[in-house]
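**Student:** Shown below is the structure under consideration.
Number of protein chains: 2
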Amino acid sequence: MTIHRITILGTGLIGASAGMALRAARFPGEIVGWDRHPSQVSLAMERGAVDTIAGDAIAAAVSSDLVLLSGPVFAIQDWMERLAPHLKPHQLVTDVGSVKVAIAARALPLFGGSGQAGFLPGHPMAGKEVSGAANADAQLFANAVWLFTEFTGHPLVAEWRTWVERFGCRTMDILAARHDEICAWVSHLPQFLSTALSAMLEDRFGDAPDLRAIGGRALREMTRLGASPYSMWRDIAHANEAEIADALLSMEQRLAYLRENLKTPELRDEFERANHFRTNR
Amino acid sequence: MTIHRITILGTGLIGASAGMALRAARFPGEIVGWDRHPSQVSLAMERGAVDTIAGDAIAAAVSSDLVLLSGPVFAIQDWMERLAPHLKPHQLVTDVGSVKVAIAARALPLFGGSGQAGFLPGHPMAGKEVSGAANADAQLFANAVWLFTEFTGHPLVAEWRTWVERFGCRTMDILAARHDEICAWVSHLPQFLSTALSAMLEDRFGDAPDLRAIGGRALREMTRLGASPYSMWRDIAHANEAEIADALLSMEQRLAYLRENLKTPELRDEFERANHFRTNR
Numbered sequence: 008m009t010i011h012r013i014t015i016l017g018t019g020l021i022g023a024s025a026g027m028a029l030r031a032a033r034f035p036g037e038i039v040g041w042d043r044h045p046s047q048v049s050l051a052m053e054r055g056a057v058d059t060i061a062g063d064a065i066a067a068a069v070s071s072d073l074v075l076l077s078g079p080v081f082a083i084q085d086w087m088e089r090l091a092p093h094l095k096p097h098q099l100v101t102d103v104g105s106v107k108v109a110i111a112a113r114a115l116p117l118f119g120g121s122g123q124a125g126f127l128p129g130h131p132m133a134g135k136e137v138s139g140a141a142n143a144d145a146q147l148f149a150n151a152v153w154l155f156t157e158f159t160g161h162p163l164v165a166e167w168r169t170w171v172e173r174f175g176c177r178t179m180d181i182l183a184a185r186h187d188e189i190c191a192w193v194s195h196l197p198q199f200l201s202t203a204l205s206a207m208l209e210d211r212f213g214d215a216p217d218l219r220a221i222g223g224r225a226l227r228e229m230t231r232l233g234a235s236p237y238s239m240w241r242d243i244a245h246a247n248e249a250e251i252a253d254a255l256l257s258m259e260q261r262l263a264y265l266r267e268n269l270k271t272p273e274l275r276d277e278f279e280r281a282n283h284f285r286t287n288r
Numbered sequence: 008m009t010i011h012r013i014t015i016l017g018t019g020l021i022g023a024s025a026g027m028a029l030r031a032a033r034f035p036g037e038i039v040g041w042d043r044h045p046s047q048v049s050l051a052m053e054r055g056a057v058d059t060i061a062g063d064a065i066a067a068a069v070s071s072d073l074v075l076l077s078g079p080v081f082a083i084q085d086w087m088e089r090l091a092p093h094l095k096p097h098q099l100v101t102d103v104g105s106v107k108v109a110i111a112a113r114a115l116p117l118f119g120g121s122g123q124a125g126f127l128p129g130h131p132m133a134g135k136e137v138s139g140a141a142n143a144d145a146q147l148f149a150n151a152v153w154l155f156t157e158f159t160g161h162p163l164v165a166e167w168r169t170w171v172e173r174f175g176c177r178t179m180d181i182l183a184a185r186h187d188e189i190c191a192w193v194s195h196l197p198q199f200l201s202t203a204l205s206a207m208l209e210d211r212f213g214d215a216p217d218l219r220a221i222g223g224r225a226l227r228e229m230t231r232l233g234a235s236p237y238s239m240w241r242d243i244a245h246a247n248e249a250e251i252a253d254a255l256l257s258m259e260q261r262l263a264y265l266r267e268n269l270k271t272p273e274l275r276d277e278f279e280r281a282n283h284f285r286t287n288r
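Chains A and B supply the protein sequences, listed in that same order. Quick note on numbering: the first sequence equals residues 8 to 288 in our numbering. Quick note on numbering: the second sequence equals residues 8 to 288 in our numbering.
Here is the structure:
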């Protein structure tokens, strides 16, 4: 084992959960935490996600074997820029960002070259509609898939993947472009659908008590992600705009088709396709 | 207590669950069941939802104090037509149909008049994406709202409402038109969104293993209702078409607005409206 010290930059929901999962998996080394909100990293330490709070994020990264970047996509990119000049080839940086083409493009000049640290783009397909270390959970990644997109080889990659698997994850390799395409449809589109539905109901019904009383499980599920924070999704919307716009436009067209066929046999075919999609899950 | 015998016509998910909930609430009388699929009513009896299987649905209804009509909206309307000529003023018919204006309109010439049985339009806001007596559950209605729309008074209404409350339901009165409007937005729209999303993903990705592997909780939740049966939703689409088309068109416009603002500050406002909707739940 050669990963002795891990620094987590960004100890919100995902970063703190990773720290707690490392502890639950009996990681024997030191976990150092830093967050731009001091209260988040204090909470992460209280919850056992980190052993030490870093006063200086770059100094902590410099003295670590592995650095985990956790936060919105643009924050991750900023850290990549700031850290790269200080790190050495024996060190590995990995991230949990929701978009991978933009991350890999940013990494290209900064990592993996001669005299540069390594970089491993990663993305655990796990999360919650609530954020922060207060909602972190060592079991957040259990039964989820932790995706990796190829960058350059590094001696610590295999060891980090082993730790991730000990979180209860299945690891999977995928091309960055395919990652961003699929995530646009199975993660980003559901988010924006839920946001649009919630915002529309807010505008139309406000706090109408009968709406609140009548809505059941279907409404709760379909609007759950409406609680998700803009701070995270702004970056995803920017960084994966073309794929998300494509998915949204397709959804608009599909809803129009369904609306025009509420009384025709086409509705049956649409239900059958939907039934088939669910049956194969 | 004057309800001694109840006949349930349609012992699928909702009808069989009502029978099981009556038993769990210690209804002391007889529960007679009938279903157009003999296997459904046999299963309902095995599961304790009914005591007796009716050979002749009309004969069973004629000898009951209360008749519960459970099934797709058009099937309920058919039973209203067929039963009304045989029933007497001391008897009460109630239903669980998902649309109420069309049911109340059909009831108007058939029930509540001189020499006619009573009618109480009802709708429990509970269900599952799977159907049939096999999925019935005495707890299906726990913590749900069971809606009633006013029709004409009847001596058995108060007693039936008391049973419903013993299922763990809150009862609520609502005008039929308001019911159909709100249900279009909080129940029918979520269903058609989920169907459209599932069908679209089926067309675009089919059985692609990476899509299946990567999709997490968001995808599972947003497509859960994609498994719902066309047989039930066809009638709802017909009977509440104008309201549903209105809700779908609004959703299309909302998605277009969001798509056009993926990189503008309007996206923040949309997330804030959605956050507010969820915070107030």
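Think of the CB as a built atom: it goes at the ideal place given N, C-alpha and C, for glycine as much as any other residue.
Chain A partners of F278 of chain B, CB-CB under 7 Å?
**Tutor:** Those within 7 Å of F278 of chain B in chain A are T202, Y237 and W240.
**Student:** Comparing C-alpha positions only, which one of B:F126, B:I181, B:D144 and B:V152 sits nearest to D72 of chain B?
**Tutor:** Of the candidates B:F126, B:I181, B:D144 and B:V152, the one whose C-alpha sits nearest the C-alpha of D72 of chain B is B:F126.
**Student:** Taking DSSP as the reference, what is the three-state secondary structure of I38 of chain B?
**Tutor:** Note: I38 of chain B maps to strand in three-state DSSP.
**Student:** Does the CB of Q198 of chain A have a neighbour CB from chain B at under 8 Å?
**Tutor:** By this cut-off, Q198 of chain A is an interface position.
**Student:** In chain order, what residues of the same chain lie with their CB nearer than 7 Å to the CB of T156 of chain A, ignoring the 5 residues before and after it?
**Tutor:** Cβ within range, chain order: K107, A111, P128, I181, L182, A183 and H186.
**Student:** Could you round the C-beta distance between I65 of chain B and L90 of chain B to whole angstroms and report it? I think they count as a contact, below 8 Å.
**Tutor:** With 8 Å as the limit, I65 of chain B and L90 of chain B qualify as a contact, their Cβ atoms being about 7 Å apart.
**Student:** Flag A145 of chain B as yes if its beta-carbon sits less than 8 Å from any beta-carbon of chain A, otherwise no.
**Tutor:** No, because no Cβ of chain A sits closer than 8 Å to the Cβ of A145 of chain B.
**Student:** Which ranges does the beta strand (DSSP E) cover as unbroken runs of at least 3 residues, wholly within the region 55-93 of chain B, from first to last along the chain?
**Tutor:** Whole beta strand (DSSP E) segments, 3+ residues: 73-76.
**Student:** Reducing DSSP to helix, strand and coil, say where T230 of chain A ends up.
**Tutor:** Three-state result, T230 of chain A: helix.
**Student:** Pick helix, strand or coil for H11 of chain A, following the three-state DSSP scheme.
**Tutor:** Residue state, collapsed to three classes: coil.
**Student:** Let me make sure I understand the geometry here. Which of B:A25, B:P35, B:L20 and B:T18 has the alpha-carbon closest to that of R12 of chain B?
**Tutor:** The candidate whose alpha carbon is nearest that of R12 of chain B is B:P35.
**Student:** Measure the CB-CB distance between P162 of chain A and G122 of chain A and report whether it falls below 8 Å.
**Tutor:** Result no, Cβ atoms of P162 of chain A and G122 of chain A do not sit closer than 8 Å.
**Student:** Quick check on the burial criterion: 16 or more other C-beta atoms within 10 angstroms. Buried or exposed for Q260 of chain B?
**Tutor:** Classification for Q260 of chain B: exposed.
**Student:** Starting from H195 of chain B and walking both ways along the beta strand (DSSP E), at which residues does that stretch end?
**Tutor:** Where H195 of chain B is concerned, there is no enclosing beta strand (DSSP E), given that its DSSP letter is neither H nor E.
**Student:** Determine the direct distance from the alpha carbon of L196 of chain B to that of M258 of chain B, and round the result to whole angstroms.
**Tutor:** So the alpha carbons of these two residues sit roughly 9 Å apart.
**Student:** Tell me, please, whether the region 194-210 of chain A touches the region 261-275 of chain B by the rule of three or more beta-carbon pairs shorter than 8 Å.
**Tutor:** Yes, since at least three Cβ pairs between the region 194-210 of chain A and the region 261-275 of chain B fall closer than 8 Å, the two stretches touch.
**Student:** Mind pulling the alpha helix (DSSP H) runs of 4 or more residues that sit fully within the region 245-274 of chain B?
**Tutor:** Complete alpha helix (DSSP H) runs here, min 4: 248-267.
**Student:** Could you check what DSSP says for T156 of chain A in three-state terms: helix, strand or coil?
**Tutor:** Coil.
**Student:** Distance cutoff 8 Å, beta carbons only. Does N282 of chain B sit that close to anything in chain A?
**Tutor:** Yes, its Cβ sits closer than 8 Å to a Cβ of chain A.
**Student:** With 8 Å set as the bound, which would you pick, yes or no: does the beta-carbon of K107 of chain B sit closer than that to a beta-carbon of chain A?
**Tutor:** No, no contact with chain A.
**Student:** Taking 8 Å as the limit between beta carbons, can you name the residues of its chain near G55 of chain A, skipping five residues before and five after?
**Tutor:** If we look at G55 of chain A and ignore the five residues flanking it on each side, its Cβ neighbours are G26, M27 and R30.
**Student:** Quick check: is the beta carbon of K95 of chain B nearer than 8 Å to any beta carbon in chain A?
**Tutor:** Answer no: the Cβ-Cβ gap between K95 of chain B and chain A never drops below 8 Å.
**Student:** Taking 8 Å as the threshold (C-beta atoms), are R285 of chain B and A234 of chain A in contact?
**Tutor:** It is a contact, given that the beta carbons lie within the stated cut-off.
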